[in-house]
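Q: Please find one structure pasted underneath; my questions will follow.
Residue numbers (UniProt numbering): 1 to 119.
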């Protein structure tokens, strides 16, 4: 599972991702609850946690566009996960590496849905 990161062909990556790609950096990769579109993994180093999404299901969005959108929103100071890189895994699935922060919305109320839509 730890080889998952090293086998990705990164199409776009931040400077911060370069330090994660160094082979002697101790990292662990563990699956976490996934959504309907992608498998999701937590990537941990002694200093940081990341979220790796692997779009290996029927949904095949253009992840490069999602990466750029996150990059622009983050630069504007909007509360989104920080993007670190996107690429293609050895099975030709698109992947996206972001910061591991926040929590999923488990209960949706009309107010919460309106707030998300306004953002």
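C-beta: ideal position from N, C-alpha, C; glycine also.
Answer yes or no: do residue 40 and residue 29 have a C-beta to C-beta separation smaller than 7 Å?
A: Not closer than 7 Å, so no.
Q: Would DSSP call residue 99 helix, strand or coil?
A: In this structure, residue 99 counts as strand in the three-state DSSP scheme.
Q: Mark residue 97 as exposed unless 16 or more other C-beta atoms lie within 10 angstroms of its C-beta, in which case mark it buried.
A: Buried, since its Cβ has 16 or more Cβ neighbours within 10 Å.
Q: Under a three-way DSSP split, which group does residue 19 fall into?
A: The answer is helix: DSSP assigns residue 19 an H, G or I state.
Q: Can you tell me which of the three DSSP states residue 48 falls into?
A: Of the three classes helix, strand and coil, the one that applies to residue 48 here is coil, per DSSP.
Q: Just tell me which of 37, 94 and 88 has its CA closest to the CA of residue 59.
A: Selected option, being the one with the closest Cα: 37.
Q: Give the straight-line distance between the Cα atoms of residue 62 and residue 52, rounded to the nearest whole angstrom.
A: So the two alpha carbons sit approximately 16 Å from each other.
Q: Below 8 Å on the Cβ atoms is my contact criterion, and I expect residue 83 with residue 14 to pass it. Report the Cβ-Cβ distance as a whole number of Å.
A: Contact holds; Cβ gap of about 7 Å.
Q: With DSSP as the reference, label residue 123 as helix, strand or coil.
A: Residue coverage of the chain in this structure runs from 1 to 119, which leaves residue 123 outside it and unanswerable.
Q: Answer with buried or exposed for residue 95, where buried requires no fewer than 16 other C-beta atoms within 10 angstroms of its C-beta.
A: Per the 10 Å Cβ criterion, buried.
Q: Output needed for residue 101: all residues of its chain with C-beta closer than 7 Å, excluding positions within five of it in sequence on either side, in chain order.
A: Hits under 7 Å: 81.
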